[in-house]
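Residue numbers (the UniProt record's numbering), protein chains in the order written: chain A, 1 to 400; chain B, 1 to 400; chain C, 1 to 400; chain D, 1 to 400.
Below is one structure; the comments refer to it alone.
4 protein chains.
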Amino acid sequence: MSTATFNSICFNQGYWRKGEVKISKVKNRNQRVKFYVGGASVLSTKCMQSSEKNKREVRIGLLGASGYTGAEIVRLLANHPYFGITLMTADRKAGQSMGSVFPHLITQDLPTMISVKDADFSSVDAVFCCLPHGTTQEIIKGLPRHLKIVDLSADFRLRDIAEYEEWYGQPHSASELQKEAVYGLTEISREDVKNAHLVANPGCYPTSIQLPLVPLIKAKLIEHRNIIIDSKSGVSGAGRGAKEANLYSEIAEGIYSYGVTKHRHVPEIEQGLSDAAQSKVTVSFTPHLMPMIRGMQSTIYVEMSQGVTIEDLYQQLRKSYEDEEFVKLIDKGVVPRTHNVRGSNYCFMNVFPDRIPGRAIIISVIDNLVKGASGQALQNLNIMLGYPENTGLLYQPLFP
Amino acid sequence: MSTATFNSICFNQGYWRKGEVKISKVKNRNQRVKFYVGGASVLSTKCMQSSEKNKREVRIGLLGASGYTGAEIVRLLANHPYFGITLMTADRKAGQSMGSVFPHLITQDLPTMISVKDADFSSVDAVFCCLPHGTTQEIIKGLPRHLKIVDLSADFRLRDIAEYEEWYGQPHSASELQKEAVYGLTEISREDVKNAHLVANPGCYPTSIQLPLVPLIKAKLIEHRNIIIDSKSGVSGAGRGAKEANLYSEIAEGIYSYGVTKHRHVPEIEQGLSDAAQSKVTVSFTPHLMPMIRGMQSTIYVEMSQGVTIEDLYQQLRKSYEDEEFVKLIDKGVVPRTHNVRGSNYCFMNVFPDRIPGRAIIISVIDNLVKGASGQALQNLNIMLGYPENTGLLYQPLFP
Amino acid sequence: MSTATFNSICFNQGYWRKGEVKISKVKNRNQRVKFYVGGASVLSTKCMQSSEKNKREVRIGLLGASGYTGAEIVRLLANHPYFGITLMTADRKAGQSMGSVFPHLITQDLPTMISVKDADFSSVDAVFCCLPHGTTQEIIKGLPRHLKIVDLSADFRLRDIAEYEEWYGQPHSASELQKEAVYGLTEISREDVKNAHLVANPGCYPTSIQLPLVPLIKAKLIEHRNIIIDSKSGVSGAGRGAKEANLYSEIAEGIYSYGVTKHRHVPEIEQGLSDAAQSKVTVSFTPHLMPMIRGMQSTIYVEMSQGVTIEDLYQQLRKSYEDEEFVKLIDKGVVPRTHNVRGSNYCFMNVFPDRIPGRAIIISVIDNLVKGASGQALQNLNIMLGYPENTGLLYQPLFP
Amino acid sequence: MSTATFNSICFNQGYWRKGEVKISKVKNRNQRVKFYVGGASVLSTKCMQSSEKNKREVRIGLLGASGYTGAEIVRLLANHPYFGITLMTADRKAGQSMGSVFPHLITQDLPTMISVKDADFSSVDAVFCCLPHGTTQEIIKGLPRHLKIVDLSADFRLRDIAEYEEWYGQPHSASELQKEAVYGLTEISREDVKNAHLVANPGCYPTSIQLPLVPLIKAKLIEHRNIIIDSKSGVSGAGRGAKEANLYSEIAEGIYSYGVTKHRHVPEIEQGLSDAAQSKVTVSFTPHLMPMIRGMQSTIYVEMSQGVTIEDLYQQLRKSYEDEEFVKLIDKGVVPRTHNVRGSNYCFMNVFPDRIPGRAIIISVIDNLVKGASGQALQNLNIMLGYPENTGLLYQPLFP
């Protein structure tokens, strides 16, 4: 093909770094010739070659790349114009390529995964940490101070380390670091995230619950008592670990309420709502595992404050989120569906009158791996580094 | 139960012992030779030949055979020793065989489906009516008085016909008949079912909700206010009608809360609970459509009465259901799962402490097509005709 | 409940005659009172009480009860009038109840699972062996000679133990026993099964493939060359072992061709077809994992022998199976679907003309856990012990 | 490609540098304030405002927007820097917004859908035609000649209009137009597509089949006889029409071989292969409906030409596709999975030795709605209009 240029061009507008249009012909690792043009829009180009990646402004380290949230970071960054992954760790998969662990990513030219102990952090500017809770603390404690860090584990989400110990069964070993961590529910804590060194990325359930409830509680429109939260989640939230309980034959065609009232996201939810209420809030929270891969819905049953109407709730949420890119209060009467946000960073929500006078039903939906994990993490890092927060995140939902 | 009940085991009289195998050779309708062996269990023999069927004690008419609940009646009756289907109607499929409409039933030798207007009801003893609401009334009104009838539609469930009109948008045209209909939530109304001429078979949601709540309300263990019911149902409950909303591509891999607070099962649920409470109960009820074919779970959030404990609820349910074949309070702490009742007539339930003091969470699961429809219908007809109520119903759940 | 008699009726041993209704009151293990009434149909009764079980004619041992095929044996036997399970082993679950491992079976009163080394085989008459290949040989070698054995593993399926070693990577350690094992493809080997001491129960793929092909090959209607078999299986065939590859998130919404041409069922398929052909047959066999729990379809592409027509194939299959309970050649032009046999012991098949002249397409479907495993095993044991082969097996398919 | 191509990034002129963020405040149709930040990547900005859209270089008309392929075009174009949708038709949904028909697209600011008869085509530069076959011909015949057209229906795929009539049951009414239509299997016909006025976008099955087979046939590496194609497709290929057969309860947990040897894609497949072979090729083609929304796999069984090896096939495919963006021959021995291309425009393929000497098995996978429909359509229009063909198409697959 003589016009190979058409095949994988990375155009730019006139000048991206003014006057610096670079057209380069490089060989990728597999020794096939590819053409690259310096440029800005990744979706229309092939920008993942390592040579290219190093030229991206921000060098990203991805710790714990072999899990679902790690793979999702890679998917999202594939079209990010400024962030390039230059370091990937996965202890049990050290030495392997990402494409061998996640074949859907074979077109991405990524660094080989290495053990975290072998990582050279001097060559990266920021990290996403997708490690399991517990080990995360130790590793983050050891990272150089110049790094911007978004941690997707639960390790830095709870301000009260006694509570951490209670729910996670081990003392917290990085309590100093905990103090400077910013809880990154972006739309609520955007200003704090901007200046954060370490962001504790929220859990998926807490994200779906706090986004609608925090503004309503702050505005004193709902009672703090008897908040009943019935959440439903896709199975990908349980990760890629091989567990009998998560086998296809055990999950498909049925539902399962696990951790009734005892799920580890409870203290995180209550912390956020209590902050909004400026008093201790105790919620009823029952998570249900759904026979679906992605998606999360929280159906929340609340008592409205004296004299408050559904319209008041609706207007408050409208006001809170009308300028937001990713949080959408949808048309009155329309029910948010997980289908409608699959694969995207959106949270859709709505509020409905209950049959019981004085009560309301709130429904919010997210993709647990995007707004509930990797998408919000990227949203946070964009902010921490001064980029528009939607950079690389405007994927539309995949439906059907 | 008269001794007559025991008379005609499907094939042979006498008794059967090893070594005494009796083999008989008969021709079925298709003129193929079949062998039958004397034996005791229907599951071990072929009893559906028409010659055979006519010998079953009770001749069953199945109205509206071409829907899912109709097919489920056929599946269950395949191994019923006393009931044989001798009449099947399906207006839009008149002239067709059941096997052409439901190929999984081709091994059953059933009468050809006819239009209900062509049916000769003098030749049947009892009918299952699986017609849509609205048309049901007219047809049942016209049936001979000697028939025992179990109606699976909503037409006779609501005692208050004004309420029927409000929720179903049309006046009730058989109000006299409504008065003698017995609401057939078997475990609750068994004595009334015994003598009923017409049983209104409960809806699936109301079955899953009333079974746990009625005994607790009767025993005054829970408050009548603020009962929050978050129900989840498989899609088969929506029937076989071709609707865009129920296409695989629209349902799979997502969830959908439909009819928030406005589902037609609301008045039925409130009728049952109000009866138990002897005062008007208004509930919050939100049904959710799950990406699964069968199965229903109700997660119910209640306030316990002053001084009542979870243990009190547990013991009350234990006492209420310990002698029941189909309703099972499971071991403390174990979560009922829809997987565990699929294809069976069981209802599994349990009760859990909530994080909010004084509150409890109740979970009940059924198969919406069995205990939630055709299974309970058969359970009722067994009782109406003096047979053990579990006759033909001891299918164990299909898992995985 | 005064009418408890209706609730849980169970017939009794000996024989039953008109007017001789016996009501007995027994206590089950949990010390709850249960009533039993003499009766005839197992499906209408509660027969799993241990006291009752011991009275069943045949005492069954179930080895490897904690896997899917073990659970399926229990489900099927729940309504078997002559077979009662009196021994269950599961090494890793020793000391646990079946209900704790498979909660869908909690209504069955079964013996506690023990380690196979602690089993007393003198108290059982027959065993189903659901152990993994390899260990099976050793254990079966050590069983008393009086036992009838149906082995669901692959250990005794291949007559050529060199071939066993080649495909399973270890030498066969019970070659003498192998010689007396009968390959239990029931409809093909019924006469041999009758007198067998040890039946090697066929694999699921081989069952779905040999049932249509063996009669056609024997009748010399198809060529032995270029038999292309494209099989599709539900995931339950992979068992309950915790493997990343079988997680819901890895399986749902996609398909996977594993072991292309190298699946271990190849030698078993070729052995059966070669026997029929009386010469070595080599097939092309590609299994595909489907996003479904149960069900298996083999789409088989064959060349017809010179002068043979589709009608010839159809008539041969008709003739071969017209008297069979479980193998059904369906109406011309109708496509067999896995949906139509789910949960049942049926095999549906049909034959279609190909576009390429002289070729035919054969489609057969089974439930991999029933006719492909536990159902056929029960069919075989029924025959080995002189009972009608359909005893306890006439469950109709579960659809939808 | 003229340099003009590079000029107009979706929003701003000039250039953007870190530190020089320009924020502009505009009102969209709904009068809500939105913020835009100057930048380079479409994925990082909001470019769908109508004011914005009109500034995109190419004005796109989308005919038949209310089906799945229409919605998929919208999803893909959401991040296309040069194409903006300015006209949408959907006869039955005329007057509705896209967001009301496909709520996952509510964030896109799109024109209201109108009836095709009311469309003003003078204001668009190109159209995607997603109408049903049959009606498509008439409408395309009436379009102005200046338009570039990609037709996703079957109406212009078959060169032989007699064949069209045979398979589609109606005479072709635009035979002149048919003559100038270019069959748009991009990687095979790229040069013709460049100059095309009307592209007939290939069907999903033909795409998955021709991509691997055409190069092998052209290179004379495989025999033309006895090509056996066993294809598996997700249900979304059947569209959004309400059909009983496609209900969740009918599709989930089972598979279905429909149109055995008679599927309408057969003549299209044979046309493509015959062109490559330069002689008439007749194939065996059996499509199977899978319980999944998206994804398509073709498992293709072929005879290699005399003396040809698997390695020869592999090297030929490598050579054919090594410079392609979207067609990937994966590592030897690795099985392509539909999971790995979901939501993306990739085709993954591989070739395997068969057990039968001289035969090979080829597996190819695509997302039926992307490379099998809307993605390839966009790829074609990019080429027709002189843009890099991957523009707006580098979405990475969604997994899990």
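Note that CB positions come from ideal geometry on N, CA and C, so glycine has one too.
Predicted, not measured: the structure shown is a model, and the values here were computed from it.
| Item | Value |
| --- | --- |
| At the level of alpha carbons, what is the spacing between Asn310 of chain A and Val302 of chain A? | The residue you asked about is not Asn; residue 310 of chain A is Ile in the sequence shown. In a straight line, the C-alpha of Ile310 of chain A is about 11 Å away from that of Val302 of chain A. |
| If contacts are defined as beta-carbon pairs under 8 Å, then Asp367 of chain B and Ser344 of chain B qualify, I think. What distance do you get, rounded to the angstrom? | 6 Å |
| Between the C-alpha atoms of Val33 of chain C and Tyr258 of chain A, what's the straight-line distance to the nearest angstrom? | With a pLDDT of only 29 at Val33 of chain C, under the threshold of 50, the placement of this residue in the model should not be trusted; the figure read from the coordinates follows. C-alpha separation (whole angstroms): 33 Å. |
| Please check the pair Phe128 of chain D and Ile60 of chain D, which I expect to be a contact at CB under 8 Å, by giving their CB distance rounded to whole angstroms. | 7 Å |
| So, helix, strand or coil for Leu378 of chain A, using DSSP? | helix |
| In chain B, which residues lie with their C-beta within 7 Å of the C-beta of His146 of chain A? | Those within 7 Å of His146 of chain A in chain B number zero; the least Cβ separation is about 42 Å. |
| When the Cβ atoms of the segment 220-234 of chain B are set against those of the segment 271-290 of chain B, are three or more pairs found closer than 8 Å? | yes |
| Determine the direct distance from the alpha carbon of Ala242 of chain D to that of Gly241 of chain B, and round the result to whole angstroms. | 9 Å |
| On a Cα-Cα basis, can you pick out the residue from B:Thr261, B:Ala252, B:Ser236, B:Ala245 that is closest to Ser249 of chain D? | B:Ser236 |
| Can you tell me the Cα-Cα spacing of Pro144 of chain D and Thr135 of chain D, whole angstroms? | 17 Å |
| If you measure from the beta carbon of Ile251 of chain C to each beta carbon in chain A, is any gap under 8 Å? | yes |
| Which residue spans inside the segment 224-311 of chain B form an unbroken beta strand (DSSP E) run of at least 3? | 227-233, 283-289, 296-303 |
| Suppose contacts are defined by Cβ-Cβ distances below 8 Å. Is Ser364 of chain D in contact with Ser320 of chain D by that definition? | no |
| Please state whether the Cβ-Cβ distance between residue 402 of chain A and Ile149 of chain A is less than 8 Å. | Residue 402 of chain A lies beyond the residue range present for chain A, which begins at 1 and ends at 400; the question has no answer from this structure. |
| Using a threshold of 8 Å, state whether the C-beta atoms of Pro400 of chain A and Asn340 of chain A are closer than that. | no |
| Of all the residues that make up the segment 284-298 of chain C, which are near chain D by a beta-carbon distance shorter than 9 Å? | Ser284, Phe285, Thr286, His288, Met290, Pro291, Met292, Ile293, Arg294, Gly295, Gln297 |
| Enumerate, from N- to C-terminal direction, the unbroken alpha helix (DSSP H) stretches of 4 or more residues contained entirely within the UniProt domain "Semialdehyde dehydrogenase NAD-binding" (59-196) of chain C. | 68-77, 98-101, 135-141, 161-168, 175-180, 186-194 |
| For Leu381 of chain A, would you say it is in contact with chain C, using Cβ-to-Cβ distances shorter than 8 Å as the test? | no |
| Let me check one thing: in DSSP terms, what residues is Lys218 of chain B bridge-paired to? | Answer is none; Lys218 of chain B lacks a bridge partner. |
| Would you say Lys243 of chain C lies against chain A (beta-carbon separation less than 8 Å)? | yes |
| Under three-state DSSP, which class holds Pro353 of chain C? | strand |
| Since Gly179 of chain D meets chain A, which of its residues come closer than 8 Å, beta carbon to beta carbon? | Reading off the sequence shown, one finds Lys at residue 179 of chain D, where the question assumed Gly. In chain order: nothing, as chain A lies at least about 26 Å away. |
| Determine the closest residue to Val124 of chain C out of C:Ser97, C:Lys93, C:Val58, C:Gln96, with distance taken between C-alpha atoms. | C:Val58 |
| Nearest CA to the CA of Pro215 of chain A: which residue from A:Ser274, A:Glu180, A:Pro388, A:Ser100? | A:Ser274 |
| At a CB distance below 9 Å, what residues from the segment 339-371 of chain B approach chain C? Give them in sequence order. | His339, Asn340, Val341, Arg342, Gly343, Ser344, Tyr346, Phe348, Leu369 |
| Looking only at C-alpha atoms, which of C:Val260, C:Glu165, C:Val370, C:Leu62 sits nearest to Asp354 of chain D? | C:Val260 |
| State the beta-bridge partners of Leu329 of chain D as determined by DSSP. | D:Met349 |
| Say whether chain A places a C-beta atom closer than 8 Å to the C-beta of Asn246 of chain C. | yes |
| Residues of the segment 228-239 of chain D in Cβ contact with chain B at a cutoff of 7 Å, in chain order, please. | Val235, Ser236 |
| For Val334 of chain B, does the three-state DSSP call read helix, strand or coil? | coil |
| What are the boundary residues of the beta strand (DSSP E) that includes Leu198 of chain B? | 198-200 |
| Can you pull the chain D neighbours of Arg264 of chain C, defined as C-beta to C-beta under 7 Å? | Within 7 Å Cβ-Cβ: nothing; Arg264 of chain C doesn't reach chain D, min ~13 Å. |
| May I ask whether a heavy atom of the ligand PLP can be found less than 7 Å away from the beta carbon of Gly99 of chain C? | With respect to small molecules bound, the structure shown includes none, and the ligand PLP cannot be examined in it. |
| Considering only residues of the same chain and omitting the five flanking positions on each side of Arg56 of chain A, which have a CB-CB separation below 7 Å? | Tyr82, Phe83, Gly84 |
| For Met360 of chain B, report the span of its beta strand (DSSP E) as first-last. | Residue 360 of chain B is actually Ala in this sequence, not Met. Per DSSP, Ala360 of chain B belongs to the beta strand (DSSP E) from 359-366. |
| Since Asp151 of chain B and Val199 of chain B are thought to touch, with beta carbons under 8 Å apart, how far apart are those beta carbons, to the nearest angstrom? | 7 Å |
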